[in-house]
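Worksheet: the structure to be examined is printed underneath.
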Amino acid sequence: MKTSSFACSILLLGLALGANGLAQDTRPVYPANSSKANYSDLNKLPDWRGLWFPVIGKVGGTEPVLIGEAKKTWDMYQERLARDSRYEIPETANNCEPDGMPSLMTFPYNLEFLFTPGKITVVQEALMQVRRIFTDGRPMPKRDELDPNYFGYSTGRWEGETLVVTTIGTKPGQRLGVAGITNSDQLTITERIYLDSKDRDLMHLDFTFEDPKVLGQPWKRTHTFRRDRTWEQIEYICEQNNRHLIGGDGQTITPKPK
Amino acid sequence: MNRFIVLPASIVALVLASITVLGHHSFVMFDLTKKVTIKGVVTKVEWTNPHVWVYADVTQKDAPPVRWGIEYTSINHLTRLGMKSNTLKVGDTIEFTVNPYADGTPGGRFQVMKLPTGKYFCDVGAAQQFCLDNNK
Numbered sequence: 001m002k003t004s005s006f007a008c009s010i011l012l013l014g015l016a017l018g019a020n021g022l023a024q025d026t027r028p029v030y031p032a033n034s035s036k037a038n039y040s041d042l043n044k045l046p047d048w049r050g051l052w053f054p055v056i057g058k059v060g061g062t063e064p065v066l067i068g069e070a071k072k073t074w075d076m077y078q079e080r081l082a083r084d085s086r087y088e089i090p091e092t093a094n095n096c097e098p099d100g101m102p103s104l105m106t107f108p109y110n111l112e113f114l115f116t117p118g119k120i121t122v123v124q125e126a127l128m129q130v131r132r133i134f135t136d137g138r139p140m141p142k143r144d145e146l147d148p149n150y151f152g153y154s155t156g157r158w159e160g161e162t163l164v165v166t167t168i169g170t171k172p173g174q175r176l177g178v179a180g181i182t183n184s185d186q187l188t189i190t191e192r193i194y195l196d197s198k199d200r201d202l203m204h205l206d207f208t209f210e211d212p213k214v215l216g217q218p219w220k221r222t223h224t225f226r227r228d229r230t231w232e233q234i235e236y237i238c239e240q241n242n243r244h245l246i247g248g249d250g251q252t253i254t255p256k257p258k
Numbered sequence: 001m002n003r004f005i006v007l008p009a010s011i012v013a014l015v016l017a018s019i020t021v022l023g024h025h026s027f028v029m030f031d032l033t034k035k036v037t038i039k040g041v042v043t044k045v046e047w048t049n050p051h052v053w054v055y056a057d058v059t060q061k062d063a064p065p066v067r068w069g070i071e072y073t074s075i076n077h078l079t080r081l082g083m084k085s086n087t088l089k090v091g092d093t094i095e096f097t098v099n100p101y102a103d104g105t106p107g108g109r110f111q112v113m114k115l116p117t118g119k120y121f122c123d124v125g126a127a128q129q130f131c132l133d134n135n136k
């Protein structure tokens with residue numbers, strides 16, 4: 001008991017020193033976290049409160065022009081699916097793993113946008129995914145400064161009532177738009193998000209995907225969302241009872257009755 | 001099994017159109033070209049994510065009952081359709097319509113159930129049309 005509480009104290013001390021001992025002093029404080037936050041500026045932004053449910057089946061845009069390995073991989077999957085309609089394109093290590101960006105935005109659940117000074121936090125109900133969009137004017141880090149992750153690094157700016165977001169730094173190999181197409185380490189996602197000029201309960205999200213290793217030209221995909229002001233988000237713990245394991249062949253295993 | 005009802009192809013087409021609606025995992029484990037209706041006694045309700053599960057014992061002629069595992073969508077979708085954790089209770093006899101598992105495992109993807117109140121409750125997506133048509 002004594003030993004473990006001593007070890008615990010040492011660990012806490014270490015963590016405290018670690019937090020202070022890192023190169024914190026050289027890191028800038030961007031406006032989103034500064035002590036001079038101006039909440040009154042938020043009143044100038046459009047009202048995006050409520051939950052935004054995707055209008056299922058209403059996806060527009062252009063056809064992807066795939067190049068190189070991406071095209072070969074796509075063709076291979078299509079040929080495989082033509083032979084076996086039960087084939088599942090392998091995408092994630094397990095069925096509770098997020099697909100990352102851009103898929104976070106288009107799960108068939110809903111999005112909530114939280115505005116704070118210099119930052120927009122997007123919460124996707126499915127898998128309770130969270131991404132942050134920095135609107136405080138900070139520079140976009142260089143790609144080689146970022147450790148690639150699921151949702152990447154997003155900076156945004158307002159053009160009138162349209163939020164324009166740039167995202168880089170997503171992990172290579174995540175779903176890009178549809179199953180069978182994945183991004184490289186060179187993906188740039190641009191989003192233009194805005195309320196419909198006539199129907200303020202309709203939101204438009206226009207994606208442009210640019211990836212010189214995957215796409216021969218920018219690929220545009222458009223989505224629409226319908227606002228609901230009556231619901232709040234409901235928790236979604238995917239690991240509570242995930243009975244859909246994926247086998248070594250990338251295929252979901254049929255669960256047996258308990 | 002008891003009684004299997006194979007629905008018209010038009011309904012199957014609607015179901016196929018809704019596959020991408022639900023997310024989480026692939027639907028290749030289900031035979032979406034088939035729908036079967038069974039009557040079973042509820043033995044367990046797992047009100048969980050990513051999917052709600054209901055287990056029911058289905059009686060057979062001259063054989064012990066078979067336990068079916070019926071896989072619903074998420075708590076989130078079901079809550080917004082009006083289902084709660086206590087909508088089904090252990091011991092309830094319920095008629096379920098499902099897309100059966102393709103490999104013959106007893107169970108499938110929930111489509112429609114007839115509640116003890118006599119009202120139908122339908123899955124999110126295309127199955128909603130059945131409730132619109134039959135809960136008048």
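Protein chains in written order, with our numbering: chain A, 1 to 258; chain B, 1 to 136. Don't be surprised by glycine CBs; every beta carbon is placed ideally from N, CA and C.
#1: What is the rounded straight-line gap between the Cα of proline 106(B) and the Cα of isoleucine 253(A)?
#2: Check distances from the C-beta atoms of the segment 84 to 115 of chain B to those of chain A and list, in chain order, the residues that come in under 8 Å.
#3: Step through the CB atoms of chain A and report whether any lies within less than 8 Å of the CB of valine 189(B).
#4: Given a cut-off of 8 Å on the beta-carbon distance, is the pair valine 65(A) and glycine 180(A) in contact?
#5: Note down, in chain order, each residue of its chain lying with its Cβ closer than 6 Å to the Cβ of valine 130(A), except the 5 sequence neighbours on either side.
#6: Is histidine 244(A) close to chain B? Criterion is C-beta to C-beta, closer than 8 Å.
#7: Quick check on DSSP: helix, strand or coil for phenylalanine 151(A)?
#8: May I have a chain-ordered list of the alpha helix (DSSP H) segments no shorter than 4 residues that lie completely inside the segment 44 to 122 of chain A?
#9: Would you say threonine 33(B) faces chain A, with C-beta separation under 8 Å as the test?
#10: Which value, in whole angstroms, describes the spacing of the CA atoms of leucine 22(B) and glycine 160(A)?
#11: Threonine 48(B) touches chain A at which residues, Cβ-Cβ below 7 Å?
#12: State yes or no: is the beta carbon of threonine 37(B) nearer than 8 Å to at least one beta carbon in chain A?
#13: Does glutamate 88(A) get closer than 8 Å to chain B when you measure Cβ to Cβ?
#14: Excluding sequence positions up to five away, which residues of its chain have a Cβ less than 8 Å from the Cβ of aspartate 144(A)?
#15: So, phenylalanine 134(A) versus glycine 118(A), is the Cβ gap smaller than 8 Å?
#16: Mind checking whether isoleucine 234(A) and isoleucine 75(B) have CB atoms under 8 Å apart?
#17: With 8 Å set as the bound, which would you pick, yes or no: does the beta-carbon of asparagine 135(B) sit closer than that to a beta-carbon of chain A?
#18: Excluding the 5 residues preceding and the 5 following glycine 91(B) in the sequence, name in chain order all residues of the same chain whose CB lies nearer than 8 Å to its CB.
Reading off the structure:
#1: 14 Å
#2: Tyr101, Ala102, Asp103, Thr105, Pro106 and Gly107
#3: Since the displayed chain B opens at 1 and closes at 136, residue 189(B) lies outside it and no answer follows.
#4: no
#5: Val123
#6: yes
#7: coil
#8: 68 to 83
#9: no
#10: Residue confidence is low: leucine 22(B) scores 49 on pLDDT, short of 50, so the model does not pin down where it sits. Its coordinate-derived value is still stated next. Each residue's alpha carbon lies about 35 Å from the other.
#11: Gln240 and Asn241
#12: no
#13: yes
#14: none
#15: yes
#16: yes
#17: no
#18: Val41 and Val42
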